[in-house]
Structures are given as C-alpha cells and as structure tokens.
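S.K.:
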Amino acid sequence: MKDTAMPNLSLNVQIEDTLRPDPAWDQLARTCSGGSVFLTSGWLCSWAETLGLDDDLVIGKAFAGDRLVGAVACTANNGVIEFAGKGPTDYCDVLISATLDQAEAQQVFDALIAALVKATPRFRAFDLGRIQAHSRTLDLLQNSLLHTEIESQVETPRMDMSAAPEALRKKSLRRHAKGLEKRGEVSCTTYTATTEILPRLDGLFDLHIKRWSQTDTPSAFLDDAQREFYRSLIRNMDGTDWIRFTELRLNDELVAAHFGFLLDGIFTWYKPCYDTTLSKLSPGEVLIKQLIELCVAEQADVFDFTIGAEKFKLRFATEVPFAMRAYVTDSWLRFQVRRLLRSARRAFRTAQDKQS
C-alpha cells in the first residue's frame with residue numbers, strides 16, 4: 056500500500072538529455088547508494104561519451120529548493136525505459152536522498168517516474184535491471200501506483216573485510232604466492248593518479264586480449280570503444296582518488312592486472328586479467344591476495360566482487376545477495392500479459408527439463 060503520510064516537499068523536476076560531470080549528483084550517489092561507483096556522474100558520462108552514443112538519454116533530476124534530492128539516468132527506446140549504462144555497468148539505481156523520510160522519498164520517486172513517463176513518447180514500461188538488494192528503490196517501486204514485478208537477476212558475491220585475516224590464511228593463496236616468488240622477483244604496485252594509469256592501460260588491454268583469445272568469448276578490448284571507455288573513466292574521475300589500478304609483475308614482466316575502485320569503504324572488483332601461460336602458478340589468485348591486502352591497508356569495509364557467482368569469488372564471499380530486476384508499467388493489461396507469457400515460458404522449460 057502507498058504510504059499515507061503527507062510529505063511537504065516543494066519539488067522541481069527537470070528532464071534533460073545530456074550527462075555531464077556533476078558534484079551534486081556524485082554527492083547524492085555517495086550518500087544513498089552504498090559506495091557504488093557505477094552511479095556516479097563520471098561513470099555515466101564516460102559511458103555516454105563512448106558506449107552510449109546511439110542511445111536516447113532521458114535524465115531526471117528532482118530539486119527541493121536548490122538541493123538535488125533525486126536523480127536517475129535512463130535511456131528510452133520504443134517506449135521502454137531502461138537505466139543508462141547498459142553493458143559495463145554492474146549496478147544501477149534511482150538516486151533518492153538518504154536524508155528524506157519514507158513519505159518524502161516516495162514523493163520524489165513518484166515525481167521522477169511520472170516525469171520520465173511524460174517525456175517518453177508512446178511509453179510502455181520500465182525495464183530496470185541490476186538494482187542492489189539493499190536499495191531503497193525496491194520498496195519505493197512496490198509502494199508506487201504502478202504495476203511492478205521484481206525478480207532476482209544475478210548474484211553479487213561480497214566479502215566483509217572483517218573476514219580478510221581468515222581469507223589471507225588460505226593455504227592456496229600462500230602457496231601460489233611463494234610459487235611465483237620462486238620464479239624470480241615479484242612486485243605489486245597500485246596506481247591512483249591519472250598520469251600513472253593512462254600509460255599503463257595498454258598493458259591491461261593486451262593481457263586481457265591474450266587471456267580470452269583461446270575462448271568462445273573474445274576480449275571486449277578488441278573494440279576501440281571499450282578501450283576509450285576506460286580512458287574516459289580515468290579522465291572523468293581525475294582528482295577523485297576512486298580508481299585503483301594494480302599491476303603484478305614477475306621479473307618486471309606484467310603477469311596480472313586489475314582495474315577497480317575504492318569508494319566510501321567499498322572496494323569494487325571490476326576488470327581483472329592474468330597471463331594464461333603461467334596458469335600453473337595462479338597469478339590471478341596471487342593478485343587477489345594482493346588486492347585483499349590493499350583493502351586491509353586502506354581500511355575498506357567491503358570487498359565487492361560484483362555480478363557473477365564464479366567459484367573463485369565464492370571462496371572468499373561472506374554473503375551472496377542478488378541484484379534485482381524490476382518490470383514496471385502503468386498498464387494492467389500489459390502487466391498481466393507479460394506475467395502469463397513468463398509463466399508459459401517457465402512451464403515450457405520445466406517440461407523440457409523433465410524430458411531431458
């Protein structure tokens with residue numbers, strides 16, 4: 056049921072079609088999203104500049120006086136609204152100020168949704184993916200006047216850093232670290248400055264391409280736009296101290312690398328790679344050891360492995376929440392038809408499984 060408390064916010068909701076770096080947006084993202092770098096203006100601008108060039112942007116901003124209290128970046132295509140950032144973005148959300156009470160938050164949320172619908176020709180639905188399980192948005196969706204279906208989408212393993220000492224005592228981590236050291240001089244360096252990271256990116260790209268060249272899923276870095284996305288991230292986040300670019304070297308040769316982030320106590324595991332010719336020495340696991348030690352040194356609270364429940368992540372995770380997906384429409388008929396089609400597909404898959 057919708058909250059019956061009467062909020063008293065006087066709102067000004069604006070719809071824009073351009074993303075730009077915005078300190079007010081970033082402050083809102085940092086206070087209400089639990090340290091998710093994917094919701095910052097730098098991340099979204101980099102995506103729009105390199106990977107979202109063909110998308111129709113619909114940016115909603117809600118102001119109470121001169122204070123930004125709500126924001127969301129979306130794309131609209133054939134009447135369907137999705138979160139902006141599709142592709143590289145692991146977490147998406149509607150940003151609602153954490154300083155608002157529930158009734159006020161609902162007012163801001165409903166105003167943003169209504170403005171997006173009004174700005175979208177032939178609106179049909181919202182298809183909103185990768186919302187973190189702890190997000191306030193899930194409650195606000197359920198409490199809105201729209202027809203909403205929320206489902207689990209993908210697992211997101213994470214490790215509470217209080218478990219770091221136990222993780223670092225794992226025999227395999229110590230064994231592989233010692234095995235690599237027997238091959239020569241091992242060094243691990245983490246860079247945070249734009250001038251240090253930019254000239255090292257090609258090493259990450261080349262190693263990643265090599266890592267995936269013998270698989271059915273070639274590296275994304277074969278695409279120039281993907282490479283430029285990372286360069287754009289570094290430029291748009293210059294001065295923030297959020298990026299953590301780590302290189303693991305053996306006898307000065309790059310054997311593993313990781314491009315990630317540390318924001319508000321959340322370390323984000325994002326783009327790793329390692330030299331597959333040294334697989335027996337497990338440089339990838341040695342890299343994880345080094346990153347956990349980095350998080351300990353920087354007093355991080357959480358090591359977020361983000362989307363995907365790969366076995367190596369589950370070895371360290373202390374919890375495995377789901378990112379959620381929400382389908383939202385103002386049409387009862389469209390909502391019911393979709394539910395019937397989903398039920399039919401599930402029944403068909405179940406029948407196929409029984410036959411196999």
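Each residue of the sequence shown is one higher than the one before, starting from 56 at the first, in the working numbering. By construction, the Cβ of each residue, glycine as well, lies at the ideal position given by its N, Cα and C atoms.
1) How should L396 be labelled, buried or exposed, when 16 other C-beta atoms within 10 angstroms of its C-beta is the threshold for buried?
2) Bridge partners for N67 per DSSP, in chain order?
3) With respect to the alpha helix (DSSP H) encompassing C100, which residues constitute its N-terminal and C-terminal limits?
4) Along the chain, where does the beta strand (DSSP E) containing E210 start, and where does it finish?
5) Start and end of the beta strand (DSSP E) containing C243?
6) Got a sec, what are the start and stop residues for the beta strand (DSSP E) C328 sits in?
7) Leaving aside the five residues before and after K344 along the sequence, list all residues of the same chain whose C-beta is less than 7 Å from its C-beta, in chain order.
8) Is the distance from the Cβ of R290 to the Cβ of L317 below 8 Å?
9) Closest to E73 by C-alpha separation, out of G97, Q82, F93, N67, would be which residue?
10) Any C-beta of chain D sitting closer than 8 Å to the C-beta of T384?
11) In whole angstroms, give me the CA-to-CA distance for C483 and K237.
12) If you follow the alpha helix (DSSP H) that G258 is part of, which residue opens it and which one closes it?
13) State buried or exposed for A248, treating a residue as buried only when at least 16 other CB atoms are found within 10 Å of its CB.
14) With a Cβ-Cβ cutoff of 8 Å, do M216 and V124 count as a contact?
15) Counting only runs of 3+ residues fully inside the stretch 347-379, write out the beta strand (DSSP E) ranges in chain order.
16) With distance defined between alpha-carbon atoms, name the residue in E340, M292, R255, P254 nearest to R230.
17) Whose C-alpha, out of G320, C87, C100, A311, is nearest the C-alpha of T154?
18) Where DSSP assigns a beta bridge to Y382, which residues make up the other side?
19) Would you check if the stretch 306-326 and the stretch 257-270 touch, i.e. whether three or more CB-CB distances between them fall below 8 Å?
20) Distance, Cα to Cα, D58 vs Q69?
21) For N291, name the three-state secondary structure that DSSP assigns.
22) Assuming V113 contacts T175 (C-beta within less than 8 Å), just tell me the rounded distance between them.
23) Just to confirm the assignment, what range does the beta strand (DSSP E) spanning V135 have?
24) Under a three-way DSSP split, which group does L108 fall into?
25) Which same chain residues end up closer than 8 Å to A188 when comparing Cβ atoms and leaving out the 5 residues on each side of it in sequence?
26) What are the residues that DSSP puts in a beta bridge with G234?
M.R.: Concretely, from the data shown:
1) For the purposes of this step, residue 396 is taken as the residue at position 341 of the sequence shown. With fewer than 16 other Cβ atoms inside 10 Å of its own Cβ, L396 counts as exposed.
2) Residue mapping note: residue 67 aligns to position 12 of the sequence shown, counting from 1. Within the DSSP secondary-structure output, N67 pairs in a beta bridge with F118.
3) Indexing the sequence shown from 1 puts residue 100 at position 45. Segment 96-105, the alpha helix (DSSP H) holding C100.
4) If you number the sequence shown from 1, residue 210 lands on position 155. Going by DSSP, E210 is part of the beta strand (DSSP E) stretching over 202-210.
5) Position 188 of the sequence shown holds residue 243. Per DSSP, C243 is one residue of the beta strand (DSSP E) stretching across 241-246.
6) Counting from 1 along the sequence shown, the entry for residue 328 is found at position 273. Residues 321-329.
7) Along the sequence shown, one-based indexing puts residue 344 at 289. For K344, where only same-chain residues beyond five positions count, the Cβ hits under 7 Å are L223, L228, A232.
8) Sequence index remark: in the sequence shown, residue 290 carries index 235 (1-based). Sequence index remark: in the sequence shown, residue 317 carries index 262 (1-based). If you check the CB distance, R290 and L317 do not come in under 8 Å.
9) Looking up residue 73 in the sequence shown gives position 18. Strictly speaking, residue 73 in this sequence is Thr, with Glu absent from that position. Nearest to T73 by C-alpha distance, out of G97, Q82, F93, N67, is G97.
10) Annotation note: the requested chain D is absent from the structure, which comprises a single protein chain.
11) This structure cannot settle anything about residue 483, because the visible part of the chain is limited to 56 through 411.
12) If you number the sequence shown from 1, residue 258 lands on position 203. 256-267 is the extent of the alpha helix (DSSP H) around G258.
13) In the sequence shown, the residue the question calls residue 248 occupies position 193. Answer is exposed; the Cβ neighbour count stays below 16.
14) The residue given as residue 216 occupies position 161 in the sequence shown. The residue given as residue 124 occupies position 69 in the sequence shown. Not in contact: M216 and V124 (Cβ atoms no closer than 8 Å).
15) Under the rule that a run must span 3 or more residues, the beta strand (DSSP E) segments found entirely inside the stretch 347-379 read 357-359.
16) Walking along the sequence shown from the start, residue 230 turns up at place 175. The shortest C-alpha separation from R230 is found at E340.
17) Here residue 154 refers to the residue found at position 99 when the sequence shown is read from its first residue. Checked all of G320, C87, C100, A311; the closest Cα to T154 is C87.
18) Taking the sequence shown and counting its residues from 1, the one referred to as residue 382 is at position 327. Paired residues: D182, E204.
19) A contact exists between the stretch 257-270 and the stretch 306-326.
20) Taking the first residue of the sequence shown as position 1, residue 58 is located at position 3. Taking the first residue of the sequence shown as position 1, residue 69 is located at position 14. Bear in mind that a pLDDT of 46 at D58, under 50, signals an unreliable position, so the number given afterwards is only what the model happens to contain. Whole-angstrom Cα-Cα distance: 24 Å.
21) Taking the sequence shown and counting its residues from 1, one reaches residue 291 at position 236. In this structure, N291 counts as helix in the three-state DSSP scheme.
22) Translated into the one-based positions of the sequence shown, residue 113 becomes position 58. Translated into the one-based positions of the sequence shown, residue 175 becomes position 120. Correct: roughly 7 Å between the Cβ atoms.
23) Against the sequence shown, residue 135 aligns to sequence position 80. Its beta strand (DSSP E) spans residues 135-138.
24) The residue labelled residue 108 in the question sits at position 53 within the sequence shown. Of the three classes helix, strand and coil, the one that applies to L108 here is coil, per DSSP.
25) Mapped onto the sequence shown, residue 188 falls at position 133. Closer than 8 Å at Cβ, skipping near neighbours: T211, P376, F377, A378, M379.
26) Stepping through the sequence shown from its first residue, residue 234 is reached at position 179. Beta-bridge pairing links G234 to no other residue.
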